[in-house]
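One structure below.
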Amino acid sequence: MQIEYNGIQFKDSLKLISSPLRSIVAQTLGGNLDLYVYTKQQLCKYCESRGKQWDDEYIDLLTRKEPMFYSLIKSYESLNNTTIPSREQCIDDMKGEMMPQGEYDHMVKLWKIFDIKTWGEYYELYNVLDVTLMADAFEHFRVTTLNAFGVDPMHYITAPQMAYSLFLKVTMEGDHSESSLMTLARKWAQYIMRINANEGLAEKQLVKVFLNRMGEFYESKGIRLMETNDIDDFMRLLKNLRGGITQIVKRHAKVDLASHDNDSIYYLDANNLYGGAMHRMMPYELVGVPERREVMEKINRDPNGWVQSLKTFGKYGFFIECDIEVPVELHDKFNDLPFFPKNDIVDKVKEVNTPKLICDLVPRRKYLVHYLLLQLGIQQGYRVTHIHHIIRFKQAPFIFEYVNMLSEKRAKSKTTVEKNLYKLLANSTYGKFVETGLKRMKVKFANTWNEREAIIQKHGYDMIAGTTMYSENLIGIKLNTPVRRVEKPFFIGFAILDMSKHIIYDFYYNVLKTTFDTVELLGQDTDSLIMQLHDRANIVHKMCDMYKSFDFSELDNTSYFYGELVKYYENEVDKSKFPSLESFLNFNKKLPGPIFKDEHNGHHITEFKGLRPKMSCLVDEKHVIHNAAKGVPRNVVIDGERTSVKNIDLYKRVLEAEKKGDAVIEGSFKRINNQAFDISTKEQTKTLMTCTDNKRWILDDNVHALAFGHY
Numbered sequence: 001m002q003i004e005y006n007g008i009q010f011k012d013s014l015k016l017i018s019s020p021l022r023s024i025v026a027q028t029l030g031g032n033l034d035l036y037v038y039t040k041q042q043l044c045k046y047c048e049s050r051g052k053q054w055d056d057e058y059i060d061l062l063t064r065k066e067p068m069f070y071s072l073i074k075s076y077e078s079l080n081n082t083t084i085p086s087r088e089q090c091i092d093d094m095k096g097e098m099m100p101q102g103e104y105d106h107m108v109k110l111w112k113i114f115d116i117k118t119w120g121e122y123y124e125l126y127n128v129l130d131v132t133l134m135a136d137a138f139e140h141f142r143v144t145t146l147n148a149f150g151v152d153p154m155h156y157i158t159a160p161q162m163a164y165s166l167f168l169k170v171t172m173e174g175d176h177s178e179s180s181l182m183t184l185a186r187k188w189a190q191y192i193m194r195i196n197a198n199e200g201l202a203e204k205q206l207v208k209v210f211l212n213r214m215g216e217f218y219e220s221k222g223i224r225l226m227e228t229n230d231i232d233d234f235m236r237l238l239k240n241l242r243g244g245i246t247q248i249v250k251r252h253a254k255v256d257l258a259s260h261d262n263d264s265i266y267y268l269d270a271n272n273l274y275g276g277a278m279h280r281m282m283p284y285e286l287v288g289v290p291e292r293r294e295v296m297e298k299i300n301r302d303p304n305g306w307v308q309s310l311k312t313f314g315k316y317g318f319f320i321e322c323d324i325e326v327p328v329e330l331h332d333k334f335n336d337l338p339f340f341p342k343n344d345i346v347d348k349v350k351e352v353n354t355p356k357l358i359c360d361l362v363p364r365r366k367y368l369v370h371y372l373l374l375q376l377g378i379q380q381g382y383r384v385t386h387i388h389h390i391i392r393f394k395q396a397p398f399i400f401e402y403v404n405m406l407s408e409k410r411a412k413s414k415t416t417v418e419k420n421l422y423k424l425l426a427n428s429t430y431g432k433f434v435e436t437g438l439k440r441m442k443v444k445f446a447n448t449w450n451e452r453e454a455i456i457q458k459h460g461y462d463m464i465a466g467t468t469m470y471s472e473n474l475i476g477i478k479l480n481t482p483v484r485r486v487e488k489p490f491f492i493g494f495a496i497l498d499m500s501k502h503i504i505y506d507f508y509y510n511v512l513k514t515t516f517d518t519v520e521l522l523g524q525d526t527d528s529l530i531m532q533l534h535d536r537a538n539i540v541h542k543m544c545d546m547y548k549s550f551d552f553s554e555l556d557n558t559s560y561f562y563g564e565l566v567k568y569y570e571n572e573v574d575k576s577k578f579p580s581l582e583s584f585l586n587f588n589k590k591l592p593g594p595i596f597k598d599e600h601n602g603h604h605i606t607e608f609k610g611l612r613p614k615m616s617c618l619v620d621e622k623h624v625i626h627n628a629a630k631g632v633p634r635n636v637v638i639d640g641e642r643t644s645v646k647n648i649d650l651y652k653r654v655l656e657a658e659k660k661g662d663a664v665i666e667g668s669f670k671r672i673n674n675q676a677f678d679i680s681t682k683e684q685t686k687t688l689m690t691c692t693d694n695k696r697w698i699l700d701d702n703v704h705a706l707a708f709g710h711y
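The opening residue of the sequence shown carries number 1 in UniProt numbering; numbering runs sequentially from there.
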């Protein structure tokens with residue numbers, strides 16, 4: 001949303017820098033006092049207004065996000081209080097936690113140094129610092145972005161908008177001389193070879209592929225947006241757009257490290273999944289394909305053979321609308337992770353009425369899919385029974401230059417804020433690719449009822465999407481857009497989503513399933529897999545053998561995995577290829593794509609409990625808990641007691657409940673409520689945890705589950 005008034009644009013800094021102010025100040029400005037230009041300037045004025053002499057030592061106290069006792073300020077009158085609140089009074093309503101001792105001591109120190117008399121005076125200082133620190137941090141962000149990319153964030157509303165502009169700048173206006181393209185071609189070829197996606201081609205052949213495809217890309221003047229005559233294909237793509245897969249497959253798993261139990265639980269996360277997908281061949285122009293009856297009849301004589309004949313690095317790629325099914329004898333093989341998920345409304349659970357992405361074994365009808373994902377499914381045992389429609393497109397690895405540049409910068413980053421920025425700039429580009437603009441609308445404001453009626457009369461009732469009464473003298477009128485333009489290459493986003501699934505499926509079936517004797521999928525999120533592996537003694541050895549698929553750079557050097565890896569390096573690794581342990585550990589550091597890292601940094605996971613998608617809990621040998629509970633704050637009140645949801649006993653209580661009523665946990669929490677611009681703190685009571693899962697068929701043991709459509 002963009003707000004403009006009298007030529008002044010109001011922007012939300014959080015839309016451009018997603019990190020908290022505390023982190024931004026600490027990690028980007030740090031102790032470099034020269035960067036606190038606005039803060040020092042305003043503090044000098046603040047000191048003058050209070051009759052104090054500025055002291056350069058003050059800046060050391062103020063180069064941080066200051067603590068504040070929000071919950072104690074109930075009215076304007078409370079700002080007149082003259083005593084420093086006790087630490088016991090300074091409670092964070094959102095978290096239910098007392099102000100940390102260090103924060104409280106710092107607040108008391110400020111109170112004394114600046115001779116603060118009332119809560120209102122401290123509140124004034126707090127606000128001055130909040131605004132000036134944000135100004136200094138944002139200016140530093142602007143300078144950094146300008147120096148790195150030649151782009152000024154002030155011209156954009158959000159980071160994704162800036163990312164898309166930067167992508168176009170790099171792709172179409174960058175240095176594309178013969179020498180630069182050759183350097184880029186070698187990098188791409190080396191990347192494809194490194195992730196074993198070369199389809200039997202040598203590095204020199206891949207270099208030639210890159211130069212040929214990119215030559216065609218520049219000859220075509222880059223990306224061509226969809227036109228009016230592409231409306232049917234656009235609607236097919238829109239109808240079949242599918243996000244990331246999330247599911248719980250097996251609800252409970254536990255390993256006993258002290259016994260001879262052979263099992264291990266691993267939580268593997270893909271390095272920059274969407275960035276990896278964007279390293280591959282991507283569509284840049286839809287081109288017609290003759291669908292004469294005789295052509296389609298020929299293709300449908302052997303649809304699987306035709307799909308398999310398509311080239312990975314060819315000039316043309318395809319989105320294929322087809323019927324797909326899986327033989328009954330392969331249901332057990334694909335039960336954990338069926339191919340070709342679909343958006344569906346499940347009527348097996350009464351309260352479910354929104355489409356969800358479901359992995360099941362039900363035959364697909366008129367399913368639109370990227371040809372490489374379809375090829376992978378066929379290789380694993382799926383069968384195409386009929387092809388209805390083909391969307392042909394020109395393809396090239398044209399996004400590689402952009403995401404590779406950001407990956408290299410991220411690998412060299414020294415602060416979390418910078419790493420998050422480069423990751424956001426890479427990933428959010430995908431978001432712009434799937435942006436249609438079909439839901440955009442304008443909002444006009446009226447101060448009186450007559451103004452409201454005038455706006456409605458001017459635009460007509462057909463154009464009014466709704467009105468909102470914000471106050472007695474402020475009314476918002478939502479206006480539909482008469483002409484909707486699709487100004488982004490939507491088909492690229494579709495390809496990225498399918499290729500990201502290709503990475504997950506390929507890793508699961510062609511790496512994990514072929515490397516380990518038994519693999520049980522417990523659960524997954526868009527870019528991660530939680531699984532139970534057998535043969536614990538050899539797991540690390542086998543993963544090290546498959547080092548091209550793993551990133552070991554974040555392993556804790558006190559972990560079991562790290563210790564076993566050191567032994568492997570000393571006894572098995574070719575030292576001419578990896579002269580040091582660090583070179584082996586960092587071989588795939590932050591490399592995007594089909595590269596997976598251990599989210600628990602090499603420590604044994606001892607227990608997993610999953611209730612439903614986006615609601616699970618892991619505990620490792622150091623009793624560190626990793627939980628996911630979508631829509632539930634970290635701290636809640638359950639049964640009258642404040643509790644952290646990072647508690648596996650809560651998951652156990654729901655999963656192992658003897659009575660149906662005990663399988664639901666209700667609780668309350670406080671949240672910041674924004675109702676028609678009226679901001680307040682509100683206590684909300686809701687169902688926090690339940691094991692109602694509408695994506696799979698839960699068996700009688702309440703642990704195992706079958707995919708819908710399983711025999």
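By construction, the Cβ of each residue, glycine as well, lies at the ideal position given by its N, Cα and C atoms.
Going by beta-carbon coordinates alone, are lysine 439 and isoleucine 455 separated by less than 7 Å?
no
ask   = Taking the alpha-carbon positions, what's the serine 75 to asparagine 586 distance?
value = 55 Å
Margin query: Please report the distance separating the alpha-carbon of proline 489 from that of glutamate 285.
Written below: 9 Å
May I ask which residues mark the beginning and end of the alpha helix (DSSP H) holding isoleucine 127? Sequence check: residue 127 is asparagine here, not isoleucine. First-last of the alpha helix (DSSP H) with asparagine 127: 119-149.
Query - Closest Cα partner of aspartate 256 within the set Asn198, Lys250, Ile265 - result: Ile265
Isoleucine 605 and leucine 618 - do their beta-carbons sit closer together than 7 Å?
At a Cβ-Cβ threshold of 7 Å, leucine 618 and isoleucine 605 count as neighbours.
Express the C-alpha separation of methionine 278 and valine 369 in angstroms, rounding to a whole number.
17 Å
Practice problem: Please say whether threonine 526 and glycine 244 have beta carbons closer to each other than 7 Å? | Solution: yes
Q) Does the Cβ of glutamine 101 have 16 or more other Cβ atoms within 10 Å, making it buried, or fewer, making it exposed? A) exposed
Using the rule of at least 16 other Cβ atoms within 10 Å of the residue's Cβ for burial, across every protein chain shown, is tryptophan 469 buried or exposed? The sequence as given places methionine at residue 469; tryptophan does not occur at that position. Result: exposed.
- Start and end residues, alpha helix (DSSP H) containing glycine 523: Element bounds for glycine 523: not the alpha helix (DSSP H) but the beta strand (DSSP E), 519-525.
Any idea if tryptophan 188 is buried or exposed, counting beta-carbon neighbours within 10 angstroms, 16 or more meaning buried? buried
Exercise for the section: Grab me the residues of methionine 193's own chain with a C-beta within less than 8 Å of its C-beta, minus the 5 sequence neighbours each way, in chain order. Expected result: Glu203, Leu206
Fill in: Residue from Ile492, Val483, Met441 whose Cα sits closest to the Cα of isoleucine 477
Met441
Quiz item: At what residues does the alpha helix (DSSP H) containing alanine 159 begin and finish?
Solution: First-last of the alpha helix (DSSP H) with alanine 159: 159-173.
(message) Measuring CB atoms only, is the stretch 26-37 touching the stretch 70-90, in the sense that at least three cross pairs come out at less than 8 Å?
(response) no
- What residue does the alpha helix (DSSP H) around cysteine 322 start on, and which one ends it? From DSSP, cysteine 322 is part of no alpha helix (DSSP H) but of the beta strand (DSSP E) over 316-325.
Query - Test item: CB-CB of phenylalanine 669 and proline 633 under 7 Å - result: Yes.
Can you tell me whether asparagine 147 is buried or exposed? The criterion is at least 16 other CB atoms within 10 Å of its CB, across all chains shown. By the C-beta density criterion, asparagine 147 is exposed, having fewer than 16 other C-beta atoms within 10 angstroms.
Report task. Ignore the nearest five residues each way along the sequence and tell me which others in glutamate 199's own chain have a CB closer than 6 Å to its CB. Result -> Thr312
Inset, instruction - Would you mind stating whether glutamate 554 and lysine 597 have Cβ atoms separated by less than 7 Å? - result: Going by C-beta atoms, glutamate 554 is nearer than 7 Å to lysine 597.
Problem set entry | Per-residue DSSP class, three states only, for glutamate 572 | Glutamate 572 falls in the helix class under three-state DSSP.
_In the DSSP output, what is lysine 342 paired with across the bridge?_
Ile358
Can the beta-carbon of lysine 590 be found less than 7 Å from the beta-carbon of arginine 410?
yes
Exercise. Quick one: Cα of isoleucine 698 to Cα of leucine 611, how far?
Worked result: 11 Å
Could you give the distance in angstroms between the alpha-carbon of leucine 184 and the alpha-carbon of glycine 631? Looking at the two C-alpha atoms, the distance is approximately 43 Å.
Name the residue from Asp551, Thr518, Lys548 whose alpha carbon lies nearest to the alpha carbon of aspartate 535.
Thr518
Item to check | Which of helix, strand or coil DSSP assigns to glycine 610 | outcome: strand
Residue ranges of each beta strand (DSSP E) within the stretch 651-697, 3 or longer: 664-675, 678-690
Requested in this report: To the nearest angstrom, report how far apart leucine 361 and tyrosine 508 are at their CA atoms.
Outcome: Linking leucine 361 to tyrosine 508 through their CA atoms gives a straight-line distance of about 17 Å.
Please report how far the alpha carbon of lysine 542 lies from the alpha carbon of histidine 603, in whole angstroms. 17 Å
- Exposed or buried, what is valine 349 when buried is set at 16 or more other beta-carbons lying within 10 Å of its beta-carbon? A caution first: valine 349 carries a pLDDT of 49, below 50, which makes its placement in the model too unreliable to give a value.
Original post:
In or out: glutamate 641 buried (at least 16 other Cβ within 10 Å) or exposed?
Top reply: Counting Cβ neighbours within 10 Å, glutamate 641 comes out exposed, since fewer than 16 surround it.
- Cα-Cα separation, leucine 421 to threonine 692: 37 Å
Of the residues Gly222, Arg484, Glu321, Arg50, which one's Cα is nearest the Cα of methionine 463? Arg484
* May I have the straight-line CA-CA distance separating histidine 389 from tryptophan 449, to the nearest angstrom? => 53 Å
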